[in-house]
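Top to bottom, those sequences are chains F and C.
At the far end of the first sequence sits residue 200, using the UniProt record's numbering, and the numbering has no gaps.
At the far end of the second sequence sits residue 200, using the UniProt record's numbering, and the numbering has no gaps.
We treat Cβ as the ideally placed atom computed from N, Cα and C, and that holds for glycine.
The model shown is predicted, which means the values in this text are computed figures rather than measured ones.
Single-structure report; data block below.
There are 2 protein chains.
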Amino acid sequence: MAQQRSEDTRKQIMTTAVNVFCRSGYDAAGVAEICSLAGVSKGAFYHHFPSKKTLFLAIMQQWLTEVDNRLNALRQPNVAVSDTLMQMAHTIGTVFTEASGQLPMFLEFMVQASRDKTVWEATIAPYQAYQYRFAHMLEEGKTEGSIREGEDAQAAAWVLIAFAVGMLLQGVVLPETADWETIAGRGMGMLVESMQRSNK
Amino acid sequence: MAQQRSEDTRKQIMTTAVNVFCRSGYDAAGVAEICSLAGVSKGAFYHHFPSKKTLFLAIMQQWLTEVDNRLNALRQPNVAVSDTLMQMAHTIGTVFTEASGQLPMFLEFMVQASRDKTVWEATIAPYQAYQYRFAHMLEEGKTEGSIREGEDAQAAAWVLIAFAVGMLLQGVVLPETADWETIAGRGMGMLVESMQRSNK
DNA sequence: AAAAACCGACCGATTGGTCGGTTTTTATTA
DNA sequence: TAATAAAAACCGACCAATCGGTCGGTTTTT
């Protein structure tokens, strides 16, 4: 292959950086440490990334598109919206066991987004897109019949995301404290149940 | 008063530190900057706090007891548990407008707890106490009649906390993006509604 | 006069980032 | 295919800036 080595080095830096960022956080993570663990010199690092922040943004971008793909794959036609939501809750549950090592990265994204304007702008757009997608899905559920008319799709979408975010955060801070997979399912079940029935 | 000046200095350092921690985060916040903004010398700082981490823990402790008091004040006898929960959701909503400036501190607590063992141990106990209290409250709701029998109080308590945490986090990262007060109410309404009715 | 509170210059360690030079890959010839 | 020059990738010693924390001395309170 042509520029195979260059690509390998770049990937190596990024995957190593994820681990270091997870363990130490963005600020405490040193470029020198990342380079050392990645088996790469500082020169190579700054050849691929203009700055530490650029590396962070690259990792974030990759993560956001990954999540986007997962969500796309989950939503299938001919399946009731309520069932899709339950399936999503189950997926969140599996994330705890699968990617538990990389979970703190999610926290780090939030923290940096709340502080750095550049990071925030890179986060806000996809994040709102998630909300938009959920709201759209709920509207589908209405016409389809699995979601009651009268439900405020916009607000409900935010509620769903808040719950998901809260679950992820608890999984990061309190792993092994509870059976998060079961709880994620129960919580989503409660929300879906409420959206199905007519309230009064 | 006796040691009035000393007390003033200590409070001044703590309140200033909250602002700096919120803006820059724990790692990026410099002791020198905190001292400068607080109008206090470094000598005074280290006279009151053995280290930066000690200061952080002191702030956290104060925050946790504050939350504890709020929760205690909210739970009144002779009021249905479901109503208390709705009242709590409303309180969360007001937090967004009241303490929006200090909200990022909550994020910082989570981040540090997930990384530093000392901070984690100081957080985990009160946090689980919250869950225990909610579970207990839900059990009360059962005997009282406002919560259906059969509801898993332990799991439901975690769901409630996850939702609250997620709401707070969204308020930090995306202020002014949505009417969080309304959404907090709607989400809690959904959860409470599900816990009231018998599902199937 | 003793003790507590406070001051700020100073220190070793570490940080993100730079830069002149070397090695490896690619493109272009003969 | 071999030789070669240009470009890309990589190296690591080095730097200015900043960090948390110290300490001998001064001021204020008891």
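query                                                                                                                                : result
Between the CA atoms of residue 108(C) and residue 108(F) - distance to the nearest angstrom                                         : 10 Å
Test: residue 58(C) CB closer than 9 Å to a CB of chain F                                                                            : no
Residue 26(C) versus 9(C), 162(C), 39(C), 104(C), residue with shortest Cα-Cα distance                                               : 104(C)
Same chain, Cβ closer than 6 Å to residue 89(C), five either side skipped, listed in chain order                                     : 184, 185, 188
Cβ pair residue 141(F), residue 194(F) closer than 9 Å                                                                               : no
Own chain partners of residue 35(C) with C-beta closer than 7 Å, once the 5 adjacent residues on each side are dropped               : 41, 42, 45
Same chain, Cβ closer than 7 Å to residue 154(C), five either side skipped, listed in chain order                                    : 135
Within 9 Å, strictly: CB atoms of residue 165(F) and residue 165(C)                                                                  : yes
Contacts of residue 194(C) in chain F (Cβ-Cβ under 7 Å)                                                                              : 190, 193, 194
Nearest-angstrom Cβ-Cβ length linking residue 65(C) and residue 75(C), presumed shorter than 8 Å                                     : Between residue 75(C) and residue 65(C) the Cβ distance is about 16 Å, and since that is not below 8 Å, they are no contact.
Residues near residue 157(C) by beta carbon distance below 7 Å, same chain, minus five either side                                   : 131, 134, 135, 138
Under 8 Å from the C-beta of residue 182(F): neighbouring residues of chain C                                                        : 155
Candidates 79(F), 95(F), 126(F): closest to residue 145(F) by CA position                                                            : 79(F)
Chain-order list of residues whose beta-carbon lies under 7 Å from that of residue 149(F) (same chain, five-residue window excluded) : 142
Amino acids of chain F, ordered along the chain, whose beta-carbon sits closer than 9 Å to that of residue 124(C)                    : 173, 174, 177
Inter-residue CB distance, residue 110(C) and residue 59(C) (contact presumed, cutoff 8 Å)                                           : At roughly 14 Å, the Cβ-Cβ gap does not stay under 8 Å, so residue 110(C) and residue 59(C) are not in contact.
Beta carbon proximity, residue 63(F) to chain C, threshold 9 Å                                                                       : no
Partner residues on chain C for residue 162(F), Cβ-Cβ distance less than 7 Å                                                         : 163, 166, 167, 170, 187
Sequence-distant residues of the same chain with beta carbon closer than 7 Å to residue 33(C), five excluded per side                : 20
Cβ-based burial, residue 112(F) [other Cβ within 10 Å; buried from 16]                                                               : buried
Where residue 151(F) sits in the DSSP three-state scheme                                                                             : coil
Same chain only: Cβ atoms within 7 Å of residue 192(C), ignoring 5 sequence neighbours per side                                      : 82, 85, 86
Backbone CA spacing between residue 197(C) and residue 151(C) [nearest angstrom]                                                     : 10 Å
Inter-residue Cα distance where the pair is residue 172(C) and residue 3(F)                                                          : 42 Å
The stretch 84-112 of chain F: positions lying closer than 7 Å to chain C by Cβ                                                      : 104, 107, 110, 111
Same chain only: Cβ atoms within 7 Å of residue 23(C), ignoring 5 sequence neighbours per side                                       : none
Where the stretch 120-150 of chain F meets chain C: residues whose CB sits under 9 Å from a CB there                                 : 120, 123, 124, 127, 128, 131
Contact list for residue 114(C) against chain F, beta-carbon separation under 7 Å                                                    : 104, 107, 172, 173
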